[in-house]
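A.B. asks: Residue numbering for the sequence shown follows the numbering used here, beginning at 30 and increasing consecutively.
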Amino acid sequence: MEKIIFADKTEFEIMEGGSLHRNTVIVKNFADLEAIAQALTKEGNMKAVQYKTNEQITGEYADMKLETPLFKEVDYTGEKKIMATFGIREKTELEKEIDKIKEQQEVQDGAILDLAGMVGGEA
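#1: What is the C-beta distance between T114 and K101, in whole angstroms, given that I count them as a contact (C-beta under 8 Å)?
#2: Please report the straight-line C-alpha distance between G139 and G149, rounded to a whole angstrom.
#3: Mapping DSSP to helix, strand and coil, what is L62?
#4: Where does the unbroken beta strand (DSSP E) through A125 begin, and where does it stop?
#5: Among E96, S48, G47, K57, which has the Cα closest to the Cα of L69?
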């Protein structure tokens, strides 16, 4: 049994033989895809991704990004379950740099608000 595990420790079973660009999950119905979609799109969840086979870590990745579309393929299995495929990839250097700039801007915005509060007499 293979699993994919995200930064928030959410994990899903995936079909054997997958790759970063091709992870396939099988769920009972379309409504169950919602939990997978939420894990895939949750802020910060792609900062760390692990793959396990029989509880042994077979891959560890950092700074990943969900490929689009969210699900590349969605189909029925022979048992009428839902099979959905998604892909992830490592962020480019430019994407990593943009993330750093956003983090720095958030810190700067907080400092400006603090300073405004002190000047305005709120502190």
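Backbone N, C-alpha and C define an ideal beta-carbon position, used for all residues, glycine too.
Just so we're clear, the structure is a prediction, and the values are computed from it rather than from any experiment.
C.D. replies: So, to answer that:
#1: Contact flag correct, Cβ pair sits at about 5 Å.
#2: 15 Å
#3: Helix at L62.
#4: A small fix is needed here, since residue 125 is Lys in this sequence, not Ala. No beta strand (DSSP E) holds K125; the alpha helix (DSSP H) holding it covers 122 to 148.
#5: It is E96 whose Cα lies nearest to the Cα of L69.
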